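Below you'll find the structure, written out as structure tokens, and then a few comments.
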């Protein structure tokens, strides 16, 4: 063991004869422990909230979505669908038709997306499990499932066959006067309401694939996209290459992060802001380490002169106090991380904090990258603080 590290360990564990020095060291170590534990806990809590929010957003999205690179539609026949299902990255595939339509119920109106889906769509996206009222039907003509937000805005009821929900879509009237655009309208009845989030609850009206094709005027085997359930959420590039070979045309394959790009950007920005705020707290905590090292230098000055007289080089003396500062930060950081891990584990196993006004345990999640990030932050800032506090020791000791 190098003599510098041996001396640093001795100074770290030994008590000073002056009580004030011991208290300063204890305070510095305690502040590093608290700041580290706070950073770790906040990151885990934000990670839990992030996963909790994504669980709702992702519940109405497939693992992958295949879209055309040009135009609005894909031509996919039954043989090509069967070939796509045989791809290793594909568990289920469902063709869909999605178009923006105009909704009208009695005297109220709203714009939403009509999503035509087949009978096996709930194997790709478990939308039937999101229903709060009614049921997910084997789609027959004129039956739809709407979002809870749409129902609230329009005043929709379930199984209200006395008042129809009208869907309207502009169509080019080639045989009409001067080629004017006319509105195609179909009357439907709501048999279920789903609820996910405010945005998604106001976005979709689900209908049968045949109704959407007839109403929107889509030819057979023509869809706006394919939605895929996959056991391999990180194989987007491979999946895209395989599908392009089968369809013999370029396509765009979106994963859930691409589908919710704005939401992910917001979460990443918030995560960065939280990290920077608590890193500032950590920087403030490191001033205590600097103060403790300065006091230790003064306290150990007589011993330092003896060590220099015995042959310790000035730069080695500087390394002793630098290592002492690194030990203060490292041990404090390690203890803080351990305390945070214990508290996070207790919250996961035996919740003691709940979301205000609910019986829902506050979500926390422990990620290895968070542990590594906190450890790297503590050691980086601790090393910087130790360097700042010990700069000039070698020059001062060499001049004596």
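Residue numbers (this note's numbering): 778 to 1177. All C-beta atoms in this analysis are idealised placements derived from N, C-alpha and C, irrespective of residue type, glycine included. What you are looking at is a predicted structure, and each value in this text was computed from that prediction instead of being measured.
When the beta-carbon positions are compared, residue 835 and residue 1096 stay at least 8 Å from each other. Bridge partners of residue 1031 according to DSSP: 842. For residue 1097, the uninterrupted alpha helix (DSSP H) segment begins and ends at 1091-1126.
Under DSSP, residue 1163 shares a beta bridge with no residue. Note that the C-beta distance between residue 1063 and residue 1159 is below 8 Å. With contacts defined by Cβ atoms closer than 8 Å, residue 883 and residue 919 do not form a contacting pair. Judged by DSSP in its simplified three-state form, residue 889 adopts strand. Here residue 943 has 881, 962, 964 as same chain residues with Cβ atoms under 6 Å from its own Cβ, once five neighbours each way along the sequence are excluded. For residue 789, DSSP records no beta bridge to any residue.
8 Å or more divides the Cβ of residue 1025 from the Cβ of residue 854. Bounds of the beta strand (DSSP E) holding residue 1004 are 1002-1006. For residue 1005, the closest alpha carbon among the candidates 823, 825, 1029, 805 is that of 1029. Put simply, of 840, 804, 822 the residue whose alpha carbon is nearest the alpha carbon of residue 1017 is 840.
Judged by pairs of C-beta atoms under 8 Å, the region 816-826 touches the region 1040-1054, as three or more such pairs exist. The closest CA to that of residue 1040, considering only 903, 976, 938, is found on 976.
Taking residue 898 as reference, the option from 1078, 1010, 984 with the minimal CA-CA separation is 984. If one requires a minimum length of 4 residues, the alpha helix (DSSP H) runs lying completely within the region 848-872 are 855-862, in chain order.
Straight-line spacing of the CA atoms in residue 858 and residue 910 works out to 33 Å. If you look at residue 909, you'll find it isn't in any alpha helix (DSSP H); it sits in the beta strand (DSSP E) that goes 908-911. Taking a cut-off of 8 Å on C-beta distances, the region 931-939 does not touch the region 867-877, as fewer than three cross pairs fall below it. Taking the Cα positions, residue 971 is about 35 Å away from residue 1146. Separation of residue 1118 and residue 1060 (C-alpha to C-alpha, rounded to the nearest whole angstrom) is 22 Å. In the structure shown, the three-state DSSP call for residue 1139 is coil. Boundaries of the alpha helix (DSSP H) around residue 1042: 1038-1076. Here residue 894 has 871, 873, 983, 986 as same chain residues with Cβ atoms under 7 Å from its own Cβ, once five neighbours each way along the sequence are excluded. When the Cα atoms are used, residue 1141 and residue 1124 turn out to be separated by approximately 7 Å. The C-alpha of residue 1092 is placed about 35 Å away from the C-alpha of residue 1052. Residue burial is scored here from C-beta neighbours: residue 1083 has fewer than 16 other C-beta atoms within 10 angstroms and is therefore classed as exposed. Its chain contains 1051, 1055 as the residues whose beta carbon lies nearer than 7 Å to that of residue 819, once the 5 sequence neighbours on both sides are disregarded; these appear in chain order. Using a Cβ distance threshold of 8 Å, residue 978 and residue 924 count as a contacting pair. Burial of residue 801 is indicated by the presence of at least 16 other C-beta atoms within 10 angstroms of its C-beta. Per DSSP, reduced to three states, the secondary structure at residue 923 is strand. In this chain, the beta strand (DSSP E) harbouring residue 981 covers 981-985.
Nearest C-alpha to residue 900 among 862, 1103, 926: 862. Under the DSSP definition of a beta bridge, residue 942 partners with 965. Rounded to whole angstroms, residue 1131 and residue 1102 show a C-alpha spacing of 39 Å.
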